[in-house]
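Under the numbering used here, the first residue of the sequence shown carries the number 36, and numbering increases by one thereafter.
For glycine and all other residues, C-beta sits at the position ideal for the given N, C-alpha and C.
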Amino acid sequence: MIKRPPPIILIQLNSEPTIAAEGNFHFLEYLEFKLYRFNLDSFIKFERGDDWIPDRIEETAEKIQDICGLLEHLYPKLYVHVSRQLKVTLRTELIICDIFRCFCRTLFKTGISWPRILALFAFASGLVVDCIREGRPEFARTVVYCVKAFIEDNLSGWVKDQGGWENILEHFHCAGHKDSWCDVIASFPGLMWSFLLSLPTKMENFGTMLKLKRQ
């Protein structure tokens with residue numbers, strides 16, 4: 036059996052990045068960091084451009100890794116074998132995209148916040164881990180595309196209004212922002228479990244719809 040080469044994902048930031056491009060950069064930085072911690076980094080090859088990365092962006096990336104790491108540490112079961120919890124096999128790009136859309140619809144149903152955006156990063160990276168463990172590392176690029184498109188279409192305006200991605204540093208820095216950490220720690224598990232409980236029904240309806248289209 037011929038071993039397929041690992042998919043290549045480019046981590047690149049232009050000299051004048053858009054809000055969406057910087058958000059995609061932060062997600063990819065976190066994804067690479069997570070796969071390294073899980074000893075799965077050999078399944079996906081990350082390549083970097085020669086762009087100089089400003090200090091503020093590096094600091095923001097490190098803060099994102101810290102907060103997402105906190106989420107995974109406090110609630111590890113939420114990020115382990117997500118597809119198994121949903122009783123879904125990640126066998127097609129269509130299934131992955133549908134899972135992602137359903138999750139985002141649930142997570143941002145009542146509004147956008149930094150904790151919810153970072154929860155999105157944590158969930159999406161968990162999907163990539165599942166793709167690798169199910170022998171489909173090539174689907175990692177599908178997840179990356181979904182994240183990039185969602186940021187561009189749904190989050191860019193809000194992030195711009197906050198002053199850009201570096202606002203994360205201020206938002207989680209001061210003691211007066213303990214409510215932000217409470218939002219991360221307290222609200223996300225409820226949102227996540229609500230999603231996990233509702234998605235199997237949504238996926239079943241989705242499967243029924245596909246069958247009807249084939250008839």
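Candidates Tyr65, Leu75, Glu57, of which the one nearest Pro42 by Cα: The sequence position of residue 42 within the sequence shown is 7, counting from 1. Closest option to Pro42, Cα to Cα, is Leu75.
According to the neighbour-count rule (16 or more other Cβ atoms, all chains shown, within 10 Å of its Cβ), is Thr95 buried or exposed? Here residue 95 is taken as the residue at index 60 of the sequence shown, counted from 1. When all chains shown are included, Thr95 counts as buried.
Tell me, to the nearest whole angstrom, how far the beta carbon of Ile186 is from that of Lys98; I am working on the premise that it is less than 8 Å. Taking the first residue of the sequence shown as 1, we reach residue 186 at position 151. Taking the first residue of the sequence shown as 1, we reach residue 98 at position 63. Not a contact, Cβ separation roughly 17 Å.
Tell me the rounded alpha-carbon separation between Gly211 and Ile134. As a position in the sequence shown, residue 211 is number 176, starting the count at 1. As a position in the sequence shown, residue 134 is number 99, starting the count at 1. Below a pLDDT of 50, predicted positions are generally treated as unreliable, and Gly211, at 45, falls in that range; no measurement from the model is reported.
Report yes or no: do the stretch 192-207 and the stretch 65-75 share at least 3 C-beta pairs separated by less than 8 Å? no
Determine contact between the stretch 163-174 and the stretch 189-200, defined as no fewer than three beta-carbon pairs at a distance below 8 Å. no
Arg176 (DSSP reduced to helix, strand or coil): On the sequence shown, position 141 is the one that residue 176 refers to. Helix at Arg176.
For Ile152 versus Leu190, is the C-beta spacing smaller than 8 Å? By 1-based counting over the sequence shown, the position of residue 152 is 117. By 1-based counting over the sequence shown, the position of residue 190 is 155. Cβ distance < 8 Å, so Ile152 and Leu190 count as in contact.
If you follow the beta strand (DSSP E) that Glu82 is part of, which residue opens it and which one closes it? Looking up residue 82 in the sequence shown gives position 47. First-last of the beta strand (DSSP E) with Glu82: 80-83.
Smallest Cα separation from Thr124: which of Glu93, Val163, Asn59, Ala184? Within the sequence shown, numbered from 1, the residue matching residue 124 stands at position 89. The option with the nearest alpha carbon to Thr124 is Val163.
Would you report the Cα separation of Leu105 and Pro89, rounded to the nearest angstrom? Position 70 of the sequence shown, counted from the start, is the residue given in the question as residue 105. Position 54 of the sequence shown, counted from the start, is the residue given in the question as residue 89. Leu105 and Pro89: Cα-Cα distance of roughly 25 Å.
Does His208 pass the burial test, meaning 16 or more other C-beta atoms within 10 Å, or should it be called exposed? If you number the sequence shown from 1, residue 208 lands on position 173. The residue in question, His208, is exposed, as its Cβ has fewer than 16 Cβ neighbours within 10 Å.
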